[in-house]
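Protein chains: 2
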Amino acid sequence: MRLTAREIYDKLINEDRITELEGQIKFYLGDVSIIVKQRDVVGNIMQEWLHGWLDNNDIEYAPSENTQMPPDFFLNPDDRTVNLLEVKAFNRSGTPGFDIADFRMYQSEIIEKPYMLDVEYLVFGYDMSDDGIVTIKDVWLKKVWEITRRMEEWPIKMLHGSFDYCDIVDNANIMKEKSIILVGEPFLLDDDLRNNAIKWVERANSSDTACLDIV
Amino acid sequence: MRLTAREIYDKLINEDRITELEGQIKFYLGDVSIIVKQRDVVGNIMQEWLHGWLDNNDIEYAPSENTQMPPDFFLNPDDRTVNLLEVKAFNRSGTPGFDIADFRMYQSEIIEKPYMLDVEYLVFGYDMSDDGIVTIKDVWLKKVWEITRRMEEWPIKMLHGSFDYCDIVDNANIMKEKSIILVGEPFLLDDDLRNNAIKWVERANSSDTACLDIV
Numbered sequence: 022m023r024l025t026a027r028e029i030y031d032k033l034i035n036e037d038r039i040t041e042l043e044g045q046i047k048f049y050l051g052d053v054s055i056i057v058k059q060r061d062v063v064g065n066i067m068q069e070w071l072h073g074w075l076d077n078n079d080i081e082y083a084p085s086e087n088t089q090m091p092p093d094f095f096l097n098p099d100d101r102t103v104n105l106l107e108v109k110a111f112n113r114s115g116t117p118g119f120d121i122a123d124f125r126m127y128q129s130e131i132i133e134k135p136y137m138l139d140v141e142y143l144v145f146g147y148d149m150s151d152d153g154i155v156t157i158k159d160v161w162l163k164k165v166w167e168i169t170r171r172m173e174e175w176p177i178k179m180l181h182g183s184f185d186y187c188d189i190v191d192n193a194n195i196m197k198e199k200s201i202i203l204v205g206e207p208f209l210l211d212d213d214l215r216n217n218a219i220k221w222v223e224r225a226n227s228s229d230t231a232c233l234d235i236v
Numbered sequence: 022m023r024l025t026a027r028e029i030y031d032k033l034i035n036e037d038r039i040t041e042l043e044g045q046i047k048f049y050l051g052d053v054s055i056i057v058k059q060r061d062v063v064g065n066i067m068q069e070w071l072h073g074w075l076d077n078n079d080i081e082y083a084p085s086e087n088t089q090m091p092p093d094f095f096l097n098p099d100d101r102t103v104n105l106l107e108v109k110a111f112n113r114s115g116t117p118g119f120d121i122a123d124f125r126m127y128q129s130e131i132i133e134k135p136y137m138l139d140v141e142y143l144v145f146g147y148d149m150s151d152d153g154i155v156t157i158k159d160v161w162l163k164k165v166w167e168i169t170r171r172m173e174e175w176p177i178k179m180l181h182g183s184f185d186y187c188d189i190v191d192n193a194n195i196m197k198e199k200s201i202i203l204v205g206e207p208f209l210l211d212d213d214l215r216n217n218a219i220k221w222v223e224r225a226n227s228s229d230t231a232c233l234d235i236v
């Protein structure tokens, strides 16, 4: 069976009632078994859980070979330019802080594969009780421009390390505001970036505006 | 029952034969259960596992209230200056890269609590197969000066972030060489650090050398 990202979202919410389920992480080694109570672990395993869920529900997909870049799942294995799904998760009691992509890889890839801008982000807001009981408080289906926001200096929010601006990070205000990645702004720090942005803007300007579903 | 760090190490190795055990991390949410295959998760849960192991074996301890600083376990709850145990774990197929402590907290704490230098580090070198089977390849019991090493500029290996020198990290050559934290060397970057180092050296010089078990 093939489903779109939206159909998967609807099934999780309405059929499976995912926000009413309970879960747990267990670790055993030899005779000793423990309930894992580390909240940040959940963020890393929701993608693996969705693998299991898709399998359990006989929903077709091709997994991604590049774990560094979106998407995690090609929901149409015959056409890897449509119906792309990326899974993210964050502790609902805190602030979303997940990486969206390596910035340089991302800005380079959207030149060649502009359909990557259409990846659907399935975002889980989870909770873990002090006893280690995992629940899903919220689920969102968003586009990348709905989960990033402007920083003061840059058009998208980025974490920067010592020597490089490396990651696009999510929007702390995922529920509050929408913004769009503006290419051609002052984050164009070097010639490569600038050239890629110019190419991108050219392509964007020459594209069929009917394809743009930005409201 | 009370055991020393060395007795715990011996029991794990010789009685429990920990290096022959197999383990697994499982996560379920609703009807979907998966085997977690993320190697870095193991590093974070070996401390929780040791909690369970100590409980299963009726070994006394008081857990630490400050997760930022060593030790994880006070093995003599009546005297929190002796028999201190800290747990670390790293992927044995890679390079050890765990944090030992926040550097500024650590250098400040050893002034007031010089016995903290005697904390025993129980270090697990784990492996996870592609199927998610966890095994423990090696276990070490080390002092802090046995798991740090000199960097070119500093007497101990440190990770430094954008604005601060913040973490003492482990020795990539845990098996190869021994080195000692030398206080009074060029990592004395500001007055606080320098003053603390002077106090520390004064104390060290005035202490009973019979207490020092450094070979």
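Residue numbers (this note's numbering), protein chains in the order written: chain A, 22 to 236; chain B, 22 to 236.
Where is the CB? At the ideal position from N, CA and C, for every residue including glycine.
{"Item": "Quick check on F48(A) - is its C-beta less than 8 Å from some C-beta in chain B?", "Value": "yes"}
{"Item": "From which residue to which residue does the alpha helix (DSSP H) around Q68(B) run?", "Value": "60-77"}
{"Item": "Would you kindly check if the distance between the Cβ of Y127(A) and the Cβ of I168(A) is under 8 Å?", "Value": "no"}
{"Item": "How close, in whole Å, do the beta carbons of K158(B) and T40(B) come, if the pair is a contact with beta carbons under 8 Å?", "Value": "7 Å"}
{"Item": "Pick out whichever of N112(A), N78(A), H72(A), N77(A) has its Cα sitting closest to the Cα of F94(A).", "Value": "H72(A)"}
{"Item": "So, is G146(A) buried or exposed, given that buried needs 16 or more other C-beta atoms within 10 angstroms?", "Value": "buried"}
{"Item": "Run through chain A and tell me which residues come within less than 9 Å of G115(B), C-beta to C-beta.", "Value": "Here the premise fails: no neighbours, minimum Cβ distance about 16 Å."}
{"Item": "Specify the secondary structure class of P84(B) as computed by DSSP and reduced to three states.", "Value": "strand"}
{"Item": "Please name the residue, chosen from N112(A), E130(A), D152(A), S150(A), that lies closest to V67(A) on a Cα-to-Cα basis.", "Value": "The sequence given here has Met at residue 67(A), not Val. Ranking N112(A), E130(A), D152(A), S150(A) by Cα distance to M67(A) puts N112(A) first."}
{"Item": "Rounded to whole angstroms, what's the CA-CA distance from E43(A) to D148(B)? Just pull it up for me.", "Value": "29 Å"}
{"Item": "Do the CB positions of A110(A) and G153(A) come within less than 8 Å of each other?", "Value": "no"}
{"Item": "So which of R101(B), L24(B), I56(B) has the shortest CA-CA distance to M137(B)?", "Value": "R101(B)"}
{"Item": "Taking Cβ-Cβ distances shorter than 9 Å, what residues in chain B pair up with N35(A)?", "Value": "Chain B residues near N35(A): none, gap ~14 Å exceeds 9 Å."}
{"Item": "Using the beta-carbon of each residue, which ones in chain A are nearer than 8 Å to K109(B)?", "Value": "Ordered by position in chain A, no residue passes the 8 Å Cβ test against K109(B), which lies about 15 Å from the chain."}
{"Item": "Using a Cβ-Cβ cut-off of less than 7 Å, list which residues of the region 143-155 of chain B approach chain A; keep chain order.", "Value": "V155"}
{"Item": "With a 10 Å radius around its C-beta and 16 neighbouring C-beta atoms as the bar for buried, classify N35(B) as buried or exposed.", "Value": "exposed"}
{"Item": "From which residue to which residue does the beta strand (DSSP E) around Y49(A) run?", "Value": "44-50"}
{"Item": "With DSSP as the reference, label S183(A) as helix, strand or coil.", "Value": "Only weak support is given to the placement of S183(A): the predicted model assigns it a pLDDT of 36, under 50, and the question is left unresolved by the model."}
{"Item": "Does any CB atom of chain B fall closer than 8 Å to the CB of V57(A)?", "Value": "yes"}
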